[in-house]
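Asks: Below are the structure tokens for one structure; questions will follow.
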Amino acid sequence: MATTMKATPSRALRSLAILLAILAVVAYVSYLAIYVNYAVELFRWPFDYDQGEGFELYDAILYGQGEWPYRDNATFPFYASNYPPLFHLLIVPLLPIFGPRLIAGRLLSFVATLITATTIFIVVRRNIRDPDQDRMTDWLLPTLSGLGFLASNYVYQIGPLSRMHMTLVMFETLAIAFIAEFEHPKYGTRNLILGLTMLFCAGYAKQTAVFTVAAALSYVFLRDIKKSIISGASLAVVAGSVFWLINVATDGAWWINIIQANVNAFDYRQTLFLFKQWLRLHTLFAILAAGFFVYELFWDRLSAYSLWFFFALGVGALSGKWGAGFGYFTTAIAAACLASGLALGRLRQKVEEARPQITSLPLSARSLLVAVIPLLYLFQAPRMLHLPTSGPVFEPISRVLRVQDDLVYGKGDTLASTHCAPVEYHDAMGYTQLGHPLTSKDHAAGAKIMTYVWSVEGPILSEEAMFSILAEKPVVTNPTQLLNLYNNGLLDTSEIIDHVNRQAFDLVIFRAQFYPPPVLQAIGQNYRPVDHICMNGFYYHILRPSNGSDSGSPLSELPSGR
Amino acid sequence: MVTKRQLGIFVITLSIAGILGVVAVDIFDAGQWSGLGPLQQGGIGLGLGGILVGMILVRLGDRPA
Chain A
1 MATTMKATPS RALRSLAILL AILAVVAYVS YLAIYVNYAV ELFRWPFDYD QGEGFELYDA
61 ILYGQGEWPY RDNATFPFYA SNYPPLFHLL IVPLLPIFGP RLIAGRLLSF VATLITATTI
121 FIVVRRNIRD PDQDRMTDWL LPTLSGLGFL ASNYVYQIGP LSRMHMTLVM FETLAIAFIA
181 EFEHPKYGTR NLILGLTMLF CAGYAKQTAV FTVAAALSYV FLRDIKKSII SGASLAVVAG
241 SVFWLINVAT DGAWWINIIQ ANVNAFDYRQ TLFLFKQWLR LHTLFAILAA GFFVYELFWD
301 RLSAYSLWFF FALGVGALSG KWGAGFGYFT TAIAAACLAS GLALGRLRQK VEEARPQITS
361 LPLSARSLLV AVIPLLYLFQ APRMLHLPTS GPVFEPISRV LRVQDDLVYG KGDTLASTHC
421 APVEYHDAMG YTQLGHPLTS KDHAAGAKIM TYVWSVEGPI LSEEAMFSIL AEKPVVTNPT
481 QLLNLYNNGL LDTSEIIDHV NRQAFDLVIF RAQFYPPPVL QAIGQNYRPV DHICMNGFYY
541 HILRPSNGSD SGSPLSELPS GR
Chain B
563 MVTKRQLGIF VITLSIAGIL GVVAVDIFDA GQWSGLGPLQ QGGIGLGLGG ILVGMILVRL
623 GDRPA
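Top line first, the protein sequences correspond to chains A and B. Residues 1 to 562 in the numbering used here are what the first sequence spells out, letter by letter. Residues 563 to 627 in the numbering used here are what the second sequence spells out, letter by letter.
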């Protein structure tokens, strides 16, 4: 009799667990579909979507021509990169296929996110797989951990951009996956060498990899002090030698642009804001990963994964730096998705070992957990809600979810003052400049700006590189880098101001006016606005020389804005 | 192999050094605030938390960290 009573709720619970698992997979696969849709849309967008994408492409173009992007910013073309070279070098082989277009960098970055998600899947599956346990959870946990990474608002927004962040996260994830297995009886040495190689790659993708390096070496240190010292010393010698060689090859421009220019003002309020936002959006992943770290710290041995999560929070702490932002949390998201999957896997294992029975119900805690796991991921899914609110598919969905009017820039009276048009996109994180779809008006506006660019013969001064690259003009200035250097007292602006005073640039294109104040002042005195074009939600200000022979807009007959 | 006790001693040492460093900022007049600024307060809070964690780890003895 007791057996029958127990079997019925167990069967019902099993059915419920399957239903919840299907719902959870559908929710996260939907996020994947939204991500792919966004990525494909960006692949077709020829202009900068995020300020800086074109400069990263230009770095790759320079490498393709055998030139360094680490230069003297005080002389024409006043351009230098402030990032390490690996991401740009990886783009170089794609340039003959795609040409000097942003799709090369965007595709690389997008593929990097897929590799990261797959690595998370493999690591979680490898660690929690147990033939004696529920097979559905064996697949569900790794799948949702990997898809959870791609469902993150931050990963979605940055993933398909021609920026180096996601390549960094890919190398970091691979590094931790290899280093975690450095004690493997057969492949330990191979794994350690591969892990160190991935750490080297991560460091030469972006400087913030230093936290993952610290996590990986700390893990090796806890288990094998001698190996950690040898590993750390080897990595330091190789990375340091390459660093020194590049610095010599660039006459010290590497040091100035990579290190000195990145010492920027820090606003702790921005860090606190972003930490709160990150926690609000990724609550389940963050809490489970933190719990896993505490559990291992006091009750078990620290794993490479929980240590990585702990150290990755350090990258987040730097997010208050000028020029930083939520992208600094992408490493922590990868680590949290991975560690949270392992945490639930460990919980399942502990429940199996203890086999507790819920006395008030004829249920086992084990069967209850099988249903609770997808429920937890279902609780997490809406916290990261983001989707376009227009189009035949997304418009009805956003209407059902009642977010079709809750747009990231606002609309009508609530339109953010910094924007010229609303974008049809909702994101649970609130205001964000990324993630929204582009419209035919945006494409037309881009074409109109290009008509201005093509209408002049000489070089242009643009805050976004793609206008110059598409017109096959020299890329002049990297405005944020100039501002970084200026703020650190490392930029002599006399030559660029002299160029502006001589009106050597036939056209100036502003979006955010990132140039150092004296340069902006000189432009204000020597150039006058001829048009303001609304594209991608921003006004692009077109300026021409004040004393130019052509005093009017060549496109004055065309309508402005949207 | 590092033990919980050794890790605890390391964490306590690092935390004390961190607190001293945070306080020393004012000695060298490097801070923007008079007295303890918000970042310094946060740093000291983290340091004290680190000491507490370290003490617990020390009590866990020779188990592998």
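Backbone N, C-alpha and C define an ideal beta-carbon position, used for all residues, glycine too.
Got a sec? Which residues, its chain only, sit under 7 Å from A216 (chain A) by beta carbon, not counting five neighbours each side?
Replies: Closer than 7 Å at the Cβ level, and outside the excluded window around A216 (chain A), lie A175, I176, I179, G195, L199, A304.
Asks: On a Cα-Cα basis, can you pick out the residue from A:I158, A:S390, A:P96, A:T451 that is closest to V423 (chain A)?
Replies: Ranking the options by Cα distance to V423 (chain A), first place goes to A:S390.
Asks: Would you report the Cα separation of L147 (chain A) and S10 (chain A), rounded to the nearest angstrom?
Replies: C-alpha separation (whole angstroms): 29 Å.
Asks: Checking contacts by CB at 8 Å: is L598 (chain B) closer than that to chain A?
Replies: Not one chain A Cβ lies under 8 Å of L598 (chain B).
Asks: Look up T432 (chain A) in the DSSP assignment and say whether it is helix, strand or coil.
Replies: T432 (chain A): coil per DSSP, three-state reduction.
Asks: Could you give the distance in angstroms between the alpha-carbon of E395 (chain A) and the alpha-carbon of F266 (chain A)?
Replies: Cα to Cα, the separation comes out at about 40 Å.
Asks: Can you tell me where the alpha helix (DSSP H) with C534 (chain A) in it begins and where it stops?
Replies: It is not in any alpha helix (DSSP H) - C534 (chain A) instead sits in the beta strand (DSSP E) that spans 527-535.
Asks: Buried or exposed: which applies to Y377 (chain A), given that a residue is buried once 16 or more other Cβ atoms fall within 10 Å of its Cβ?
Replies: Buried.
Asks: Of the residues that make up the stretch 197-225 of chain A, which ones have a beta carbon closer than 9 Å to any beta carbon in chain B?
Replies: So the close ones are F221, L222, R223, D224, I225.
Asks: Got a sec, what are the start and stop residues for the beta strand (DSSP E) L461 (chain A) sits in?
Replies: Looking at the DSSP string, the run of the beta strand (DSSP E) that includes L461 (chain A) is 460-462.
Asks: If we define contact as Cβ-Cβ less than 8 Å, is L302 (chain A) a contact residue for chain B?
Replies: Cβ-Cβ to chain B under 8 Å: yes for L302 (chain A).
Asks: Determine the DSSP secondary structure at V124 (chain A), reduced to helix, strand or coil.
Replies: Three-state result, V124 (chain A): helix.
Asks: Excluding the 5 residues preceding and the 5 following D134 (chain A) in the sequence, name in chain order all residues of the same chain whose CB lies nearer than 7 Å to its CB.
Replies: Excluding residues within five positions, the ones whose Cβ falls inside 7 Å are V370.
Asks: Return helix, strand or coil for P554 (chain A), following the three-state DSSP convention.
Replies: In this prediction, P554 (chain A) scores a pLDDT of 44, lower than 50, which makes its location untrustworthy; the coordinate-derived value is nonetheless stated afterwards. DSSP places P554 (chain A) in coil when its eight states are reduced to three.
Asks: Drop a sphere of 10 angstroms on the beta-carbon of A12 (chain A), count the other beta-carbons inside from all chains shown, and report buried for 16 or more, exposed for fewer.
Replies: With fewer than 16 Cβ atoms within 10 Å of its Cβ, A12 (chain A) is classed as exposed.
Asks: Kindly indicate which residue of A:V213, A:V111, A:M384, A:L235 has the alpha-carbon position closest to the one of R280 (chain A).
Replies: For R280 (chain A), the nearest C-alpha among the options comes from A:M384.
Asks: Is there a Cβ of chain B sitting closer than 8 Å to that of F568 (chain A), yes or no?
Replies: Since the first residue shown for chain A is 1 and the last is 562, residue 568 (chain A) is missing from the structure and cannot be characterised.
Asks: Tell me the rounded alpha-carbon separation between P474 (chain A) and Y425 (chain A).
Replies: Using only the alpha carbons, I get a separation of about 35 Å.
Asks: Taking 8 Å as the threshold (beta carbon to beta carbon), is V564 (chain B) in contact with chain A?
Replies: By this cut-off, V564 (chain B) is an interface position.
Asks: L141 (chain A): buried (16+ other C-beta within 10 angstroms of its C-beta) or exposed?
Replies: With 16 or more Cβ atoms within 10 Å of its Cβ, L141 (chain A) is classed as buried.
Asks: For Y268 (chain A), go through chain B and note every residue whose CB falls closer than 8 Å to its CB, in chain order.
Replies: Within 8 Å Cβ-Cβ: P600, L601, G604.
Asks: Could you spell out the range, first to last residue, of the beta strand (DSSP E) harbouring D427 (chain A)?
Replies: 425-427 is the extent of the beta strand (DSSP E) around D427 (chain A).
Asks: Report the neighbours of A579 (chain B) on chain A: residues whose CB is nearer than 8 Å to its CB, in chain order.
Replies: What A579 (chain B) touches in chain A: nothing, since even the nearest Cβ is about 16 Å away.
Asks: Answer with yes or no whether the minimum CB distance from I618 (chain B) to chain A is below 8 Å.
Replies: Chain A contact via Cβ: present.
Asks: For chain A, find out if any of its Cβ atoms is closer than 8 Å to the Cβ of L633 (chain B); answer yes or no.
Replies: Outside the shown range of chain B (563 to 627) lies residue 633 (chain B), about which nothing can therefore be said.
Asks: Quick one: is A627 (chain B) near chain A, going by C-beta distance under 8 Å?
Replies: By this cut-off, A627 (chain B) is an interface position.
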